[in-house]
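**Q**
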């Protein structure tokens with residue numbers, strides 16, 4: 017893109033800066049639009065599962081529902097509880113949303129179409145997405161109210177528990193791709209399954225990790241069936257209880273941006289990202305970002321589907337799944353995969 | 244090799260994201276003052292507890308197991324941090340590097356088993 021702006025006679029530095037800003041806006045604005053639309057999809061899928069219509073009044077098929085909600089929320093009064101720590105109270109939604117946006121800086125949308133092609137992209141995503149827990153904990157603490165406080169405790173323990181196993185799962189993918197760069201990980205999946213399927217998930221050693229990653233992603237984003245942080249029968253609305261107006265909406269936007277990020281990671285790490293599903297020349301005529309968005313959409317549908325069909329976990333079951341099932345299993349797979357790669361790729365005995 | 248310029252777009256992105264978030268939080272506060280919906284009252288600004296005045300201080304003591312989880316998290320996340328550079332350098336470190344890391348993983352697995360046996364992972 018820098019070359020494009022240079023063709024207008026800009027100096028290299030200025031063209032680079034303009035191209036970067038344009039790239040950022042090209043990611044951030046469609047992302048916010050996608051979040052608005054995916055909330056609509058979520059409600060529509062949930063409605064279909066429950067055999068009702070879902071949003072269908074605002075705009076054709078209710079397509080503008082999220083925008084109507086956004087406008088309503090925008091015009092509402094921001095209530096700051098008198099007992100709250102005001103600075104931290106307002107800081108929490110800012111942190112949540114900033115972090116949820118910033119993680120997208122390294123996601124490749126097509127071969128070379130990435131804002132920052134850093135060589136430790138996966139590590140960056142892991143680091144930034146784990147910062148999200150601060151927004152939740154700070155909001156729960158600063159609200160100075162009972163339910164947000166309980167919710168923040170639960171959320172912190174839940175998110176860090178599943179982050180451990182996500183870390184080990186990512187190590188396994190990195191072992192196989194031999195790179196932290198998300199583009200390299202995608203390219204490493206070319207023809208991985210039987211020589212023509214572009215996906216790590218068709219590897220018998222990596223498929224269990226994909227299932228574990230998908231479930232951990234649901235727990236990490238506190239999505240049903242693991243939505244104990246906002247279990248409305250126990251905790252009202254969880255850490256968002258005291259929030260109103262746009263500060264409340266920022267938590268929602270951040271949450272859905274994180275869910276989309278997890279869907280994108282599932283697609284990139286295990287299903288070949290912007291590559292077509294199978295190696296077949298005509299399929300490359302379709303641009304890569306369409307493949308990526310299609311895969312993300314499928315994963316988002318799985319997220320919605322799970323929400324509609326699986327009952328909520330108890331907190332002890334959630335912690336048992338994280339620490340007693342996923343952690344030992346992912347450790348075992350680090351051992352198995354590194355051993356297998358040593359024997360077959362690096363130093364055959 | 245390491246090029247700090249690669250990270251500059253991320254920094255700019257973070258500032259723009261921060262700007263958008265700050266705008267989203269503070270703009271509605273101004274708008275609500277202009278449109279006149281901003282009317283704080285004592286009742287409205289009190290903390291929520293099912294319609295009652297709060298019974299006790301919300302910052303109550305909580306279960307020690309949350310601390311245990313946090314401490315275990317630090318251990319295992321640090322372990323993962325050691326695994327990351329190892330994972331991309333297997334071809335250089337060979338069997339020696341692999342064996343060393345497996346011994347390290349084994350020690351931590353024993354730690355996990357001990358924690359499990361002592362009931363630190365139980366939430367009944």
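Chains as they are written, first to last, in the numbering used here: chain Z, 17 to 365; chain P, 244 to 367.
We treat Cβ as the ideally placed atom computed from N, Cα and C, and that holds for glycine.
Could one say the Cβ of residue 92 of chain Z lies closer than 8 Å to chain P's Cβ atoms, at least one of them?
**A** Chain P contact via Cβ: present.
**Q** Starting from residue 323 of chain Z, follow the alpha helix (DSSP H) in both directions and report where the run begins and ends.
**A** It spans 304-325 - the alpha helix (DSSP H) in which residue 323 of chain Z sits, taken as one unbroken run.
**Q** Taking residue 274 of chain Z as the reference, give the member of Z:124, Z:146, Z:337 and Z:81 with the closest Cα.
**A** Among Z:124, Z:146, Z:337 and Z:81, the Cα nearest to that of residue 274 of chain Z is on Z:146.
**Q** Only counting the same chain, and skipping five residues up and downstream in sequence, which positions put a Cβ closer than 8 Å to that of residue 139 of chain Z?
**A** Excluding sequence neighbours, residue 139 of chain Z sits near 196.
**Q** Are the C-beta atoms of residue 132 of chain Z and some chain P residue less than 8 Å apart?
**A** By this cut-off, residue 132 of chain Z is an interface position.
**Q** Just how far apart, CA to CA, sit residue 313 of chain Z and residue 65 of chain Z?
**A** Each residue's alpha carbon lies about 17 Å from the other.
**Q** Since residue 265 of chain Z contacts residue 86 of chain Z with CB under 8 Å, what's their CB separation in whole angstroms?
**A** The Cβ separation is near 7 Å, so the contact holds.
**Q** Would you say residue 347 of chain P reaches chain Z, if we count a Cβ-Cβ gap shorter than 8 Å as a contact?
**A** No - not a single Cβ of chain Z is within 8 Å of the one on residue 347 of chain P.
**Q** May I ask you to verify whether the segment 164-175 of chain Z touches the segment 253-270 of chain Z, counting CB pairs closer than 8 Å and requiring at least 3?
**A** Touching, yes.
**Q** Which whole-angstrom value is the C-beta distance of residue 319 of chain Z and residue 239 of chain Z, which I expect to be below 8 Å?
**A** So it is a contact: roughly 6 Å between Cβ atoms.
**Q** Chain P beta carbons: is any one of them nearer than 8 Å to that of residue 350 of chain Z?
**A** So yes, residue 350 of chain Z belongs to the interface.
**Q** Whose Cβ in chain P lies nearer than 7 Å to the Cβ of residue 347 of chain Z?
**A** Under the 7 Å cutoff, chain P gives 348 and 352.
**Q** Alpha helix (DSSP H) containing residue 169 of chain Z: first to last residue?
**A** Element bounds for residue 169 of chain Z: 162-193.
**Q** If you measure beta-carbon to beta-carbon, which residues of the segment 353-364 of chain P are closer than 8 Å to chain Z?
**A** Listed by position, the residues of the segment 353-364 of chain P near chain Z (Cβ gap below 8 Å) are 355, 359 and 364.
**Q** Determine whether the beta carbon atoms of residue 348 of chain P and residue 347 of chain Z lie at a separation below 8 Å.
**A** Cβ atoms of residue 348 of chain P and residue 347 of chain Z: closer than 8 Å.
**Q** Near residue 370 of chain Z, what residues of its chain come up, given a Cβ to Cβ distance below 6 Å and the 5 sequence neighbours on each side ignored?
**A** Since the displayed chain Z opens at 17 and closes at 365, residue 370 of chain Z lies outside it and no answer follows.
**Q** Of all the residues that make up the segment 109-122 of chain Z, which are near chain P by a beta-carbon distance shorter than 9 Å?
**A** Listed by position, the residues of the segment 109-122 of chain Z near chain P (Cβ gap below 9 Å) are 109, 110, 111, 112, 113, 114, 115, 116, 117, 118, 120, 121 and 122.
**Q** Select from Z:62, Z:36, Z:92 and Z:24 the residue whose C-alpha is nearest the C-alpha of residue 279 of chain P.
**A** For the residues Z:62, Z:36, Z:92 and Z:24, the minimum Cα distance to residue 279 of chain P belongs to Z:92.
**Q** Comparing the C-beta of residue 343 of chain P with each C-beta of chain Z, is any distance below 8 Å?
**A** So no, residue 343 of chain P is outside the interface.
**Q** Which residue marks the beginning of the alpha helix (DSSP H) containing residue 230 of chain Z, and which one marks its end?
**A** Where residue 230 of chain Z is concerned, the enclosing alpha helix (DSSP H) stretches over 223-236.
**Q** Using a Cβ distance threshold of 8 Å, determine whether the segment 271-290 of chain P contacts the segment 92-112 of chain Z, with at least three qualifying pairs required.
**A** Touching, yes.
**Q** Suppose the cutoff is 7 Å on Cβ atoms and the five residues either side in sequence are ignored; what does the same chain contact list for residue 339 of chain Z look like?
**A** 177, listed in sequence order.
**Q** Run through the DSSP bridge pairs and tell me what residue 209 of chain Z is partnered with.
**A** DSSP output for residue 209 of chain Z lists Z:213 as bridge partner(s).
**Q** Are the C-beta of residue 290 of chain P and some C-beta of chain Z separated by less than 8 Å?
**A** Chain Z, which has a Cβ nearer than 8 Å to the Cβ of residue 290 of chain P, makes this yes.
**Q** Based on the DSSP output, what are the partners of residue 294 of chain Z in its beta bridges?
**A** Beta-bridge pairing links residue 294 of chain Z to Z:213.
**Q** Three-state secondary structure (DSSP) at residue 315 of chain P?
**A** Helix.
**Q** Report buried or exposed for residue 341 of chain P, applying the criterion of at least 16 other Cβ atoms within 10 angstroms of its Cβ.
**A** When all chains shown are included, residue 341 of chain P counts as buried.
**Q** Report the rounded CA-to-CA distance for residue 308 of chain P versus residue 336 of chain Z, giving the unit in angstroms.
**A** About 13 Å.
**Q** Using three-state DSSP, classify residue 123 of chain Z as helix, strand or coil.
**A** Coil, per DSSP.
**Q** How would you label residue 270 of chain Z, buried or exposed, when you count the other beta carbons within 10 angstroms and need 16 or more for buried?
**A** Classification of residue 270 of chain Z: buried, given that the 10 Å Cβ count is 16 or more.
**Q** If I'm right that residue 109 of chain Z touches residue 156 of chain Z with Cβ under 8 Å, what's the distance once you round it to whole angstroms?
**A** Their Cβ separation, rounded to whole angstroms, is 12 Å, which puts residue 109 of chain Z and residue 156 of chain Z out of contact at 8 Å.
**Q** So what's residue 144 of chain Z in DSSP terms, helix, strand or just coil?
**A** Helix at residue 144 of chain Z.
**Q** Check whether the Cβ atoms of residue 158 of chain Z and residue 105 of chain Z lie closer than 8 Å to each other.
**A** Result yes, Cβ atoms of residue 158 of chain Z and residue 105 of chain Z sit closer than 8 Å.
**Q** Relative to chain Z, which residues along the segment 249-263 of chain P have a C-beta separation below 8 Å, given in chain order?
**A** The residues in question are 249, 250, 251, 252, 253, 255, 256, 257, 259, 260, 261 and 263.
**Q** Going by DSSP, what residue range makes up the alpha helix (DSSP H) through residue 271 of chain Z?
**A** Unbroken alpha helix (DSSP H) run through residue 271 of chain Z: 261-286.
**Q** What's the gap between the Cα of residue 37 of chain Z and the Cα of residue 125 of chain Z?
**A** Going by the C-alpha atoms only, they are around 17 Å apart.
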